[in-house]
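Student: In the working numbering, the protein residues as written are 6 to 137. Glycine included, each C-beta is placed from N, C-alpha and C at the ideal position. Remember, it's a predicted structure, so these values are computed and weren't measured experimentally. The structure's right below; bear with me while I get my questions together.
Have a look at this one:
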């Protein structure tokens with residue numbers, strides 16, 4: 006829900022332990038944690054989704070489509086590694102892939118929150134944002 010006063014977007018972060026962002030491709034993680042971030046630097050945890058597509062070949066579009074079905078209305082995908090599907094996602098879908106260097110989920114959310122305006126404006130542009 007985007008209003009004039011309070012803008013927001015949902016992000017998906019891959020994790021295996023609920024504390025850190027997985028040091029792998031997003032599609033190879035055990036869980037997808039979904040958060041909603043707001044332009045006032047606040048956020049809320051929305052839900053955790055079990056990655057039932059984890060064992061599929063990570064370069065195949067079937068895996069990409071399966072993950073997109075799982076995450077639904079998320080707008081931003083966050084990972085530590087760029088995969089072949091991250092490039093396809095940026096070119097063929099509405100999702101904005103972001104590559105981060107941060108290690109913990111809290112630090113990822115903080116970095117994304119600080120860059121809210123840049124990210125918000127990039128949603129739907131077919132970009133990949135690197136090195137946050």
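Thinking just about the alpha-carbon of each residue, which of 72, 88, 100 is nearest to the one in residue 81?
Tutor: For the residues 72, 88, 100, the minimum Cα distance to residue 81 belongs to 100.
Student: At a cut of 8 Å, does the stretch 80 to 99 reach the stretch 45 to 62 through at least three beta carbon pairs?
Tutor: Counting Cβ pairs under 8 Å, fewer than three are found: no touch.
Student: Where does residue 11 sit, in a helix, a strand or coil, going by DSSP?
Tutor: Residue 11: coil per DSSP, three-state reduction.
Student: So, at 8 Å on beta carbons, what are the nonlocal neighbours of residue 36 in its own chain, with the 5 sequence-adjacent residues on each side left out?
Tutor: If we look at residue 36 and ignore the five residues flanking it on each side, its Cβ neighbours are 19, 20, 21, 23, 53, 54, 55, 56.
Student: Apply the 10 Å Cβ neighbour rule to residue 14 and answer buried if 16 or more other Cβ atoms are within range, or exposed otherwise.
Tutor: That one is buried.
Student: Which residues does DSSP pair with residue 19 in a beta bridge?
Tutor: Answer is 37.
Student: Who are the Cβ neighbours of residue 58 in its own chain at under 8 Å, not counting the five residues just before and after it?
Tutor: The residues are 32, 68, 71, 72, 75.
Student: Just verifying my parser: in three-state terms, what is the DSSP assignment at residue 76?
Tutor: If DSSP states are grouped into helix, strand and coil, residue 76 belongs with the helices.
Student: Since residue 103 is in the beta strand (DSSP E), which residue starts that stretch and which ends it?
Tutor: Residues 101 to 104.
Student: Measure the C-alpha to C-alpha separation of residue 47 and residue 26 and round it to an integer number of angstroms.
Tutor: Answer to the nearest angstrom: the Cα atoms are 19 Å apart.
Student: I'd like the list of long-range same chain contacts for residue 130, defined as Cβ closer than 6 Å, with 5 residues on each side in sequence excluded.
Tutor: Answer for residue 130: no residue qualifies.
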